[in-house]
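Here the protein sequences come in this chain order: A and B. Going from the first sequence to my numbering is simple: count from 1 and add 2. Going from the second sequence to my numbering is simple: count from 1 and add 2. Beta carbons: idealized from backbone N, C-alpha and C, even for Gly. Following: one structure in structure tokens, then a few remarks.
Protein chains: 2
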Amino acid sequence: MERQASCPSTAAPIGGLLNTASFLREKGIQPSPQRLRIYEALASTREHPSADAIHRQLSPEMPTLSRTTVYSTLELFVGAGIAQELAITGSQLRFDAEVSSHAHFACRSCGCVVDLGGLQAASLPELPLGFIAESSQYFITGICPSCTVSTLA
Amino acid sequence: MERQASCPSTAAPIGGLLNTASFLREKGIQPSPQRLRIYEALASTREHPSADAIHRQLSPEMPTLSRTTVYSTLELFVGAGIAQELAITGSQLRFDAEVSSHAHFACRSCGCVVDLGGLQAASLPELPLGFIAESSQYFITGICPSCTVSTLA
DNA sequence: GATGGGAATTGTACAAAGTACAAGTCTGTT
DNA sequence: AACAGACTTGTACTTTGTACAATTCCCATC
Numbered sequence: 003m004e005r006q007a008s009c010p011s012t013a014a015p016i017g018g019l020l021n022t023a024s025f026l027r028e029k030g031i032q033p034s035p036q037r038l039r040i041y042e043a044l045a046s047t048r049e050h051p052s053a054d055a056i057h058r059q060l061s062p063e064m065p066t067l068s069r070t071t072v073y074s075t076l077e078l079f080v081g082a083g084i085a086q087e088l089a090i091t092g093s094q095l096r097f098d099a100e101v102s103s104h105a106h107f108a109c110r111s112c113g114c115v116v117d118l119g120g121l122q123a124a125s126l127p128e129l130p131l132g133f134i135a136e137s138s139q140y141f142i143t144g145i146c147p148s149c150t151v152s153t154l155a
Numbered sequence: 003m004e005r006q007a008s009c010p011s012t013a014a015p016i017g018g019l020l021n022t023a024s025f026l027r028e029k030g031i032q033p034s035p036q037r038l039r040i041y042e043a044l045a046s047t048r049e050h051p052s053a054d055a056i057h058r059q060l061s062p063e064m065p066t067l068s069r070t071t072v073y074s075t076l077e078l079f080v081g082a083g084i085a086q087e088l089a090i091t092g093s094q095l096r097f098d099a100e101v102s103s104h105a106h107f108a109c110r111s112c113g114c115v116v117d118l119g120g121l122q123a124a125s126l127p128e129l130p131l132g133f134i135a136e137s138s139q140y141f142i143t144g145i146c147p148s149c150t151v152s153t154l155a
């Protein structure tokens, strides 16, 4: 889990952030400076950050931002359907502002998480009667290209 | 995460345990009393226990069994390909002696994990060039039948 | 049967991720 | 301006898992 930044996840914004405040309000979330910056930080990266990664990123500009706020805000976003949680690394939750169904790859060496293509819903296993699905995840773990190269060196 | 035991995962053994010791030896694992009991505990349940759950289960009969041994033994099994890790709950790893590719359901209320059917390989997203896949997981989270009933009550 | 060496196990200490909760601050409304 | 409720903060704590040194066990050899 060392070379996070060098992995092949481009860092382009996902959508328009012109008016994050009204977007949050539409989703039933009262905006606050903390919530705006946390959402923007999440939506402007494709690195699928953990809660602590977001806290580390925002701390310089918001020195009093507490870890508790980041955790509770991300949970609020997940509950409102504007973010999804990925349990992909096994040791920490990663978050994604892109909520459409798509698969993920996690590198066991550097910890990076990158997007893969979508899944064909028709081919997924059906849920037995009585189970209520709320979300689903498909992920692959292995070694990313950067780490393959540096392992060979 | 309360009613673990009442969830719909039947507790029948997966395979023959007649000679666990020689099975482990075949897989390149030196048997020991601890390893035998840990493997048998894992293979004889469909509850996908966590490492600590196995430790709690075996502690009465092996009072000196240490948590470290359980953790390192399970990792040994995963490396040898006779167990798989499930990162499904986000907060702890669950283990499964059934290593064939199949999906899982996790109940957000009681924490139970049950087996679902297999996946059609053809429908899975393809991995871009340079990525090396080592394992994959498909899981659905939601509410299991037991918890649906008790939530309504 | 004794003995030496490597593997396995143990126990303690530690680290990381996340949660609980009470106190403080902010914000919007009256 | 004052109140109430929502939001944020900070501390303490729990859970999960890892590091590592010391001990114990097993087994081959003498």
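When burial is assigned at 16 or more other CB atoms within 10 Å of the CB, is residue i buried or exposed?
{"i": "B:G17", "result": "Here the model assigns B:G17 a pLDDT of 43, short of 50, so the residue's position is not dependable and the matter cannot be decided."}
{"i": "A:E128", "result": "exposed"}
{"i": "B:R37", "result": "buried"}
{"i": "A:Q32", "result": "exposed"}
{"i": "A:G119", "result": "exposed"}
{"i": "A:S168", "result": "Look at the range of chain A in this structure, 3 to 155, and you will see that residue 168 of chain A is not part of it."}
{"i": "B:E136", "result": "exposed"}
{"i": "B:L78", "result": "buried"}
{"i": "A:R58", "result": "exposed"}
{"i": "B:T75", "result": "buried"}
{"i": "B:L131", "result": "exposed"}
{"i": "A:T91", "result": "buried"}
{"i": "A:V72", "result": "buried"}
{"i": "A:T70", "result": "exposed"}
{"i": "A:M3", "result": "Summary for A:M3: the model assigns pLDDT 45, below 50, so the residue's position carries little reliability; its value from the coordinates is reported in the next sentence. Exposed, by the Cβ-count rule."}
{"i": "B:I145", "result": "buried"}
The ligand NAD and residue i: does any heavy atom of the ligand fall closer than 6 Å to the residue's C-beta?
{"i": "A:E28", "result": "Absence of the ligand NAD from the depicted structure is noted, as is the absence of any ligand whatsoever, leaving it without description."}
Please decide whether residue i counts as near chain B, where near means a Cβ-Cβ distance under 7 Å.
{"i": "A:Y140", "result": "yes"}
{"i": "A:I134", "result": "yes"}
{"i": "A:F107", "result": "yes"}
{"i": "A:G83", "result": "no"}
{"i": "A:L26", "result": "no"}
{"i": "A:G30", "result": "no"}
{"i": "A:A23", "result": "no"}
{"i": "A:G113", "result": "no"}
{"i": "A:A89", "result": "yes"}
{"i": "A:S152", "result": "no"}
{"i": "A:L118", "result": "yes"}
Quick one: grab the DSSP three-state call for residue i.
{"i": "A:A105", "result": "coil"}
{"i": "A:Q46", "result": "Residue 46 of chain A is actually Ser in this sequence, not Gln. In this structure, A:S46 counts as coil in the three-state DSSP scheme."}
{"i": "A:I56", "result": "helix"}
{"i": "B:Q32", "result": "coil"}
Does chain A have any CB closer than 7 Å to the CB of residue i?
{"i": "B:P51", "result": "no"}
{"i": "B:S137", "result": "yes"}
{"i": "B:Y41", "result": "no"}
{"i": "B:P33", "result": "no"}
{"i": "B:G144", "result": "yes"}
{"i": "B:P127", "result": "yes"}
{"i": "B:P147", "result": "yes"}
{"i": "B:L67", "result": "no"}
{"i": "B:L95", "result": "yes"}
{"i": "B:S102", "result": "no"}
Worksheet item: How do the segment 107 to 114 of chain A and the segment 97 to 106 of chain B stand: do at least 3 beta-carbon pairs fall below 8 Å, yes or no?
Response: Inter-segment contact for the segment 107 to 114 of chain A and the segment 97 to 106 of chain B is absent: fewer than three beta-carbon pairs are separated by less than 8 Å.
Fill in: Continuous alpha helix (DSSP H) assignments of at least 4 residues falling wholly in the segment 58 to 134 of chain B
Runs of the alpha helix (DSSP H) inside the segment 58 to 134 of chain B: 69 to 82.
Worksheet item: Is the number of C-beta pairs between the segment 56 to 70 of chain B and the segment 80 to 90 of chain B that are closer than 8 Å three or more?
Response: Touching, no, given that fewer than three Cβ pairs across the two stretches are closer than 8 Å.
Item to complete: Kindly confirm or deny that the segment 22 to 31 of chain A and the segment 49 to 58 of chain A touch, where touching means at least three C-beta pairs closer than 8 Å.
Response: They do not touch, by the three-pair rule.
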